[in-house]
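Chains as they are written, first to last, in UniProt numbering: chain A, 1 to 168; chain B, 1 to 168.
Built from N, CA and C at the ideal position, the CB exists for glycine as well.
As the structure is a prediction and not an experimental result, all values here were calculated from the model.
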DNA sequence: TCCTTTACGTTGAAGCTTCAAGTACTGTAG
DNA sequence: CTACAGTACTTGAAGCTTCAACGTAAAGGA
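Laid out in structure tokens, this is it:
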């Protein structure tokens with residue numbers, strides 16, 4: 001990805017410049033290692049994957065601690081399929097219940113009392129880990145930069161996904 | 001993770017402030033969606049996972065297109081186990097060969113000619129995707145910010161992992 | 001009403017990752 | 001030279017995610 005390997009494609013590819021290369025490597029390191037570290041901590045301390053924890057956390061903050069599956073999937077950055085499998089697992093653990101919606105198709109995921117307890121119990125150690133892994137290394141200015149940059153990145157990501165989905 | 005659920009732990013937990021919360025959500029969205037988008041593109045266009053692509057790319061840029069497995073694992077942000085499984089798969093595809101190191105224990109992963117061709121062929125579309133998913137949304141200043149922030153984040157991540165590994 | 005399209009969700013299989021255990025080789029201390 | 005420890009890597013099983021296919025119910029015409 002560094003040099004211009006020519007002659008393979010119709011038009012010469014626009015490669016990344018040096019700064020973009022650097023940024024890209026950091027981004028890859030971040031998106032590979034951070035999830036791994038979060039999973040390690042939660043697996044060790046709460047027997048949860050980070051995705052499971054996040055689903056429970058999102059539910060715990062939703063009005064009435066319930067959310068439609070498709071909405072929950074979007075908020076948890078997951079496919080409906082992935083969410084459905086995980087909700088099944090969380091249901092077996094007694095932390096979530098599925099509930100049909102009356103006037104409409106679709107169903108709700110409802111956090112149970114036991115599920116709420118689970119999040120509340122797991123949260124402190126998890127927050128400590130998040131601090132140790134991320135925020136202890138950033139001053140307030142950097143946190144603000146991260147918000148701005150993060151928003152820009154996620155927004156572009158969504159645009160890029162929308163564009164890429166259409167053409168192919 | 002938003003409110004202070006008190007009374008569960010010995011000492012009251014230091015929760016994240018509002019800005020950290022925001023930054024954290026963006027970071028999670030980013031680390032969840034970006035890898036998924038990269039995998040989708042590479043799976044569609046090159047029948048590769050992003051991790052496989054990255055391994056091949058790292059090898060293609062290494063001196064003599066070869067690297068010791070443990071070194072490659074570190075550069076690819078992966079465990080040795082994960083890498084070993086993937087190298088086995090890449091070997092079966094004919095893109096990589098394992099080669100024992102003479103004077104020392106350990107072995108090298110060597111990129112074959114066919115493996116090199118594979119990266120070169122896959123790169124252009126991948127770079128286009130990276131552009132569309134990331135860099136088309138950032139100006140030069142933001143790219144520089146991303147480098148700085150990314151380095152800070154990865155560095156803290158490594159410190160946090162080192163600390164967390166020890167205590168348990 | 002009937003047909004078609006679209007949104008919502010589930011499911012099983014295939015593939016990838018992690019985890020724990022195991023092999024082998026290399027220093028190093030006694 | 002023998003025992004011990006550490007490094008490098010492999011392996012199989014278990015678990016998670018993705019993919020593709022399917023079922024179902026609402027909405028939109030004709």
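- When Cβ-Cβ separations below 8 Å define contact, residue 31 (chain B) makes contact with chain A.
- Within the region 3-77 of chain B, the runs of alpha helix (DSSP H) that reach at least 4 residues and sit entirely inside it are, in chain order, 18-46, 50-61, 69-75.
- Sixteen is the threshold: since fewer than 16 other Cβ atoms of the shown chains lie within 10 Å of the Cβ of residue 80 (chain A), the residue is exposed.
- Every unbroken stretch of the alpha helix (DSSP H) spanning 4 or more residues and falling wholly within the region 69-129 of chain B is given here in chain order: 69-75, 80-92.
- If you draw a straight line from the Cα of residue 71 (chain B) to the Cα of residue 107 (chain B), it is about 10 Å long.
- By the Cβ neighbour-count rule, residue 55 (chain B) is buried, with 16 or more other Cβ atoms within 10 Å of its own.
- The straight-line gap separating the alpha-carbon atoms of residue 29 (chain A) and residue 95 (chain B) is approximately 23 Å.
- Here residue 165 (chain B) is exposed, its C-beta having fewer than 16 other C-beta atoms within 10 Å.
- In the structure shown, residue 140 (chain A) falls within a helical segment according to DSSP collapsed to helix, strand and coil.
- No Cβ of chain A is located within less than 8 Å of the beta carbon of residue 52 (chain B).
- Taken through DSSP and simplified to helix, strand or coil, residue 154 (chain A) comes out as helix.
- Just measuring C-alpha positions, the residue of A:68, A:112, A:77 sitting nearest residue 102 (chain A) is A:68.
- Considering only beta carbons, the part of the region 146-163 of chain A lying closer than 9 Å to chain B consists of 146, 147, 148, 149, 150, 151, 152, 153, 154, 155, 156, 157, 158, 159, 160, 161, 163, in chain order.
- Minimum Cα-Cα distance from residue 22 (chain A) among the listed residues B:156, B:110, B:147 corresponds to B:147.
- The alpha-carbon separation between residue 117 (chain A) and residue 111 (chain A) amounts to approximately 10 Å.
- Residue environment: residue 25 (chain A) is assigned as buried (16 or more neighbouring CB atoms within 10 Å of its CB, all protein chains considered).
- For the options A:63, A:44, A:58, the alpha carbon positioned closest to that of residue 73 (chain A) is the one of A:58.
- At least one C-beta of chain B is nearer than 8 Å to the C-beta of residue 130 (chain A).
- At a cut-off of 8 Å between beta-carbon atoms, residue 41 (chain B) makes contact with chain A.
- Remark: C-beta atoms of residue 19 (chain A) and residue 130 (chain B) do not approach each other more closely than 8 Å.
- The C-alpha of residue 52 (chain A) lies about 26 Å from the C-alpha of residue 86 (chain B).
- At least one CB of chain A lies nearer than 8 Å to the CB of residue 144 (chain B).
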